[in-house]
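Take 476 as the starting number for the sequence shown in my numbering and just add one per residue. Backbone N, C-alpha and C define an ideal beta-carbon position, used for all residues, glycine too. Quick caveat, the model's predicted, so the values are computed rather than measured. Below is one structure, written out as structure tokens; the observations come after it.
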Amino acid sequence: MKSLTFKELHLSRNIEKAIENMGFEEPTPIQSQSIPYIMEGRDVIGQAQTGTGKTAAFGIPALEMVNSKSKKTQVLVLCPTRELANQVAEELNKLGKYMGTKILPVYGGQNIQRQIKVLKKGVQIVIGTPGRILDHIERRTLNLNNVEMVVLDEADEMLDMGFREDIESILSSVPEERQTILFSATMPKPIMKLTKKYQQNPQHVKTIHKVVTVPNMEQSYFEMKHHMKPDVLCRMIDIYDVKSSLVFCNTKKMVDELVTTLKNRGYLADGLHGDMKQNQREKVMSSFRNGEIETLVATDVAARGIDVENIEVVFNFDTPQDEESYVHRIGRTGRAGRQGVAFTFVTAKEAYKIKNIQKYTRTNIKCKKIPTRSDAEEIKANMIATKVKETIDAGHLGKYVHWVEQMVDEDCTSIDIAAGLVKIMLAEGR
Ligand code: AMP
476 MKSLTFKELH
486 LSRNIEKAIE
496 NMGFEEPTPI
506 QSQSIPYIME
516 GRDVIGQAQT
526 GTGKTAAFGI
536 PALEMVNSKS
546 KKTQVLVLCP
556 TRELANQVAE
566 ELNKLGKYMG
576 TKILPVYGGQ
586 NIQRQIKVLK
596 KGVQIVIGTP
606 GRILDHIERR
616 TLNLNNVEMV
626 VLDEADEMLD
636 MGFREDIESI
646 LSSVPEERQT
656 ILFSATMPKP
666 IMKLTKKYQQ
676 NPQHVKTIHK
686 VVTVPNMEQS
696 YFEMKHHMKP
706 DVLCRMIDIY
716 DVKSSLVFCN
726 TKKMVDELVT
736 TLKNRGYLAD
746 GLHGDMKQNQ
756 REKVMSSFRN
766 GEIETLVATD
776 VAARGIDVEN
786 IEVVFNFDTP
796 QDEESYVHRI
806 GRTGRAGRQG
816 VAFTFVTAKE
826 AYKIKNIQKY
836 TRTNIKCKKI
846 PTRSDAEEIK
856 ANMIATKVKE
866 TIDAGHLGKY
876 VHWVEQMVDE
886 DCTSIDIAAG
896 LVKIMLAEGR
């Protein structure tokens, strides 16, 4: 199935504006496949994990459907954990920024009276853990008579946590005439049973993993907190003395932020994303080609048009959403006759993505320790060693051998000479 653009999804201007603010450039595969069905009013089974953009996949149609003039609860989202309920609420609040939709996460452990107070004022989208939602139903502090859409998010997790009975009670409290959306990473039998019982003629949507092969190259990943990424990037550019790199971000917003940070720190950096006009893009590209820009920050979409050779390193500043993007991204590195290098920055939230990438590309991406400034000398010495070996392999060393022979005497071995040369090169910052 062809992937759609946000334009082709025919969203309202308010949602489009919010998506632009969030910096999303194009729908993720699960969004492109499920949004049209959900907007049509169909029941949908979405097979997708966290990180695939599944929240917006149901959140966008949910927001489009809500009548913000009515204060009644129209959408109910069930989540396994408080963290997920909060995350979903946060994402929906961002997407609904220009719609004035009232959204509330409710979960156990939080003062119920406070939740009741807000619910009384009228909440159109309620996102909650099953136990707490049931509690509100029993107290009659949550009226679900007007619910038109129910979303079961991470349904497999909810069943694993023993929420099946709670979910069934909740589903029997919502009108039968409703749309039921279920997202789950896996589709074991109990999930299929649930969909049979509570969904009508559901459309099954899943992202297909293509087998993709990775070019032979040096690939590593580094685990870190998100806020550390710019520092680590700068450090690696310095340590490896990178003169030409492509840095990939998942959103336009991140491209802009990172370019500003890099420029402020004195790096020769610029960005490319889909919002830029053709002549702006060409200007940036030609500066990159002629070396005025050393670090080019880009989104996947923008990078599709890039035609540059001699990129030393590809940095995945954000771990890519799927294995296909990973392969496209890293395939851009490699210099004439030399292996390319790809470094991927991974936060705890992105950890499963790198696992999936390894699984579907059948490659081993090594987890490495983030180099410190004090590792710099050793790394540079290794780089010198590689260069020396490449030079020896290329041959034609006759006159150099002759000069070194002249330097060797009783006090000075060839090893001393090599050590001296390495010292000079390191001091000169090569
Ligand atoms: P989720 O799978 O819903 O947990 O989303 C994972 C992350 O991807 C969240 O930070 C989203 O904001 C982000 N995201 C969702 N849709 C897109 C998109 N179309 N382009 C870029 N990032 C996205």
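{"Query": "Would you say the beta carbon of residue 502 is closer than 6 Å to some non-hydrogen atom of ligand 2?", "Result": "Ligands present in the displayed structure are limited to ligand 1, and ligand 2 is not among them."}
{"Query": "Going by beta carbon distance, what residues of the same chain come within less than 6 Å of residue 649, once the five residues before and after it are set aside?", "Result": "619, 622 and 625"}
{"Query": "Taking only runs of the beta strand (DSSP E) that begin and end inside the segment 702 to 756, which ones reach a length of at least 3 residues, in chain order?", "Result": "720 to 723 and 744 to 747"}
{"Query": "Helix, strand or coil for residue 795, going by three-state DSSP, please let me know.", "Result": "coil"}
{"Query": "From 792, 842 and 487, pick the residue whose C-alpha is nearest to that of residue 737; which is it?", "Result": "792"}
{"Query": "Between the Cα of residue 751 and those of 730, 740 and 742, spot the shortest distance and give me the residue it belongs to.", "Result": "730"}
{"Query": "Is the segment 682 to 699 close to the segment 532 to 541, with three or more CB pairs under 8 Å?", "Result": "no"}
{"Query": "Considering only residues of the same chain and omitting the five flanking positions on each side of residue 728, which have a CB-CB separation below 8 Å?", "Result": "496, 497 and 498"}
{"Query": "With residue 592 as the anchor, note down where its alpha helix (DSSP H) starts and where it stops.", "Result": "587 to 596"}
{"Query": "Reducing DSSP to helix, strand and coil, say where residue 501 ends up.", "Result": "coil"}
{"Query": "Can you tell which of 836, 804 and 683 has the C-alpha that lies nearest to the C-alpha of residue 780?", "Result": "804"}
{"Query": "For residue 861, which three-state DSSP category applies?", "Result": "helix"}
{"Query": "If we call anything under 7 Å between Cβ atoms a contact, is residue 510 one with residue 484?", "Result": "yes"}
{"Query": "For residue 570 versus residue 493, is the C-beta distance shorter than 7 Å?", "Result": "yes"}
{"Query": "DSSP beta-bridge partners for residue 679?", "Result": "520"}
{"Query": "Give me the Cβ distance between residue 772 and residue 743, rounded to the nearest whole Å; I'm assuming they're in contact under 8 Å.", "Result": "About 12 Å separates the two Cβ atoms, so there is no contact after all."}
{"Query": "Quick one: what does DSSP say residue 696 is sitting in, helix, strand or coil?", "Result": "strand"}
{"Query": "When we look at the beta-carbon of residue 801 and count the other beta-carbons within 10 Å, is it buried (16 or more) or exposed?", "Result": "buried"}
{"Query": "From what residue to what residue does the beta strand (DSSP E) around residue 654 run?", "Result": "654 to 659"}
{"Query": "For residue 663, count neighbouring C-beta atoms within 10 Å of its own C-beta (all shown protein chains included) and say buried if the count is 16 or more, exposed if not.", "Result": "exposed"}
{"Query": "Given a threshold of 16 other Cβ atoms within 10 Å of its Cβ, counted over all protein chains shown, does residue 634 qualify as buried or as exposed?", "Result": "buried"}
{"Query": "Under the three-state reduction of DSSP, which class applies to residue 464: helix, strand or coil?", "Result": "This structure gives no information on residue 464, because the portion of the chain shown stretches from 476 to 905."}
{"Query": "So residue 438 is in the beta strand (DSSP E); what residue range does that whole segment cover?", "Result": "Shown here, the chain extends from 476 to 905; a query on residue 438 therefore has no answer."}
{"Query": "How far does the beta strand (DSSP E) with residue 439 in it extend, from its first residue to its last?", "Result": "Nothing about residue 439 can be reported from this structure: the residues present for the chain run from 476 to 905 only."}
{"Query": "Using a Cβ-Cβ cut-off of 6 Å (strictly less than) and excluding sequence neighbours within five positions of residue 882, which residues of its own chain qualify?", "Result": "892"}
{"Query": "Report yes or no: do three or more beta-carbon pairs, one from the segment 892 to 903 and one from the segment 849 to 856, lie closer than 8 Å?", "Result": "yes"}
{"Query": "Can you grab the Cα-Cα spacing for the pair residue 507 / residue 610, in whole Å?", "Result": "36 Å"}
{"Query": "Could you check if residue 726 belongs to the surroundings of ligand 1, using beta carbon to heavy atom distance under 6 Å?", "Result": "yes"}
{"Query": "Is any heavy atom of ligand 1 found at a distance shorter than 6 Å from the C-beta of residue 704?", "Result": "no"}
{"Query": "Could you check whether residue 817 and residue 789 sit closer than 7 Å to each other, using their CB atoms as the reference points?", "Result": "yes"}
{"Query": "Measure the alpha-carbon distance for residue 647 versus residue 755 and round it to whole angstroms.", "Result": "56 Å"}
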